[in-house]
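The opening position of the sequence shown corresponds to residue 713 in the working numbering, with each subsequent residue numbered one higher. The beta carbon of each residue, even a glycine, is placed where N, CA and C say it ideally should be. In this text the structure is predicted, and so the values were computed from the model without any measurement. What follows is a set of notes on a single structure, which appears directly below.
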Amino acid sequence: MIKIIPSKPKTYEAAKLDATEDFINFEKAKLLEEKAKSQLANFQGVDVGYLSRESRAVLKGLNEQESQDFISQLFTKTKAKDYIFLQDKIILYEILDQRLKNSDIMAKNLDFLTQNGMQVKSRLVDVAFMEHLLKIYKIVKKI
Numbered sequence: 713m714i715k716i717i718p719s720k721p722k723t724y725e726a727a728k729l730d731a732t733e734d735f736i737n738f739e740k741a742k743l744l745e746e747k748a749k750s751q752l753a754n755f756q757g758v759d760v761g762y763l764s765r766e767s768r769a770v771l772k773g774l775n776e777q778e779s780q781d782f783i784s785q786l787f788t789k790t791k792a793k794d795y796i797f798l799q800d801k802i803i804l805y806e807i808l809d810q811r812l813k814n815s816d817i818m819a820k821n822l823d824f825l826t827q828n829g830m831q832v833k834s835r836l837v838d839v840a841f842m843e844h845l846l847k848i849y850k851i852v853k854k855i
């Protein structure tokens with residue numbers, strides 16, 4: 713360490729510029745959201761086909777990074793018709809259909825998947841039972 717520079721408050725002018733910029737960005741986002749809500753009812757979009765979390769597609773009107781951000785946020789949504797915020801954009805979407813990736817492979821491995829699910833469920837029950845016992849009984853160590 714060479715030198716300690718103590719923090720100092722911003723000047724009024726610098727703070728005012730920052731606050732003005734934040735307010736403008738907030739108002740822009742609010743207006744964008746209001747416009748998205750109003751257009752959601754009669755939304756007619758472009759069919760992009762099936763997407764997966766691993767999709768590397770570049771969607772029309774978006775660059776590669778924005779497309780990836782959109783796809784990753786899309787898989788966290790629970791509504792079939794909604795909008796997604798990107799930095800300075802809002803994208804309206806409607807999910808028309810969905811399917812499991814490689815559903816034929818999943819059908820072949822159904823027994824294996826069922827068995828793994830039962831094992832996970834059994835482990836969760838064991839953990840919950842142990843936690844319940846720990847709440848009831850005191851742990852004593854004897855040497």
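Taking the beta carbon of residue i as the centre, do at least 16 other beta carbons fall within 10 Å, making it buried, or is it exposed?
i, result
"residue 795", "buried"
"residue 783", "buried"
"residue 848", "exposed"
"residue 803", "buried"
"residue 762", "exposed"
"residue 779", "buried"
Excluding the 5 residues flanking residue i on each side, which residues of the same chain have their C-beta closer than 7 angstroms to its C-beta?
i, result
"residue 841", "none"
"residue 727", "none"
"residue 777", "none"
"residue 758", "772"
"residue 781", "798"
Starting from residue i, trace the alpha helix (DSSP H) in both directions and tell me its first and last residue.
i, result
"residue 729", "724-752"
"residue 782", "776-786"
When you compare the CB positions of residue i and residue j, do they come within less than 9 angstroms of one another, or not?
i, j, result
"residue 744", "residue 801", "yes"
"residue 755", "residue 789", "no"
"residue 730", "residue 722", "yes"
"residue 787", "residue 765", "yes"
"residue 798", "residue 836", "no"
Ignore the nearest five residues each way along the sequence and tell me which others in residue i's own chain have a CB closer than 8 angstroms to its CB.
i, result
"residue 748", "795, 802 and 804"
"residue 851", "none"
What residues in its chain sit with their C-beta under 6 angstroms from that of residue i, if we drop five residues either side in the sequence?
i, result
"residue 785", "796"
Beta strand (DSSP E) runs contained entirely in the stretch 797-847, provided each spans 3 or more residues: For the beta strand (DSSP E) assignment, the uninterrupted runs of no fewer than 3 residues enclosed by the stretch 797-847 are, from N- to C-terminal side, 802-806.
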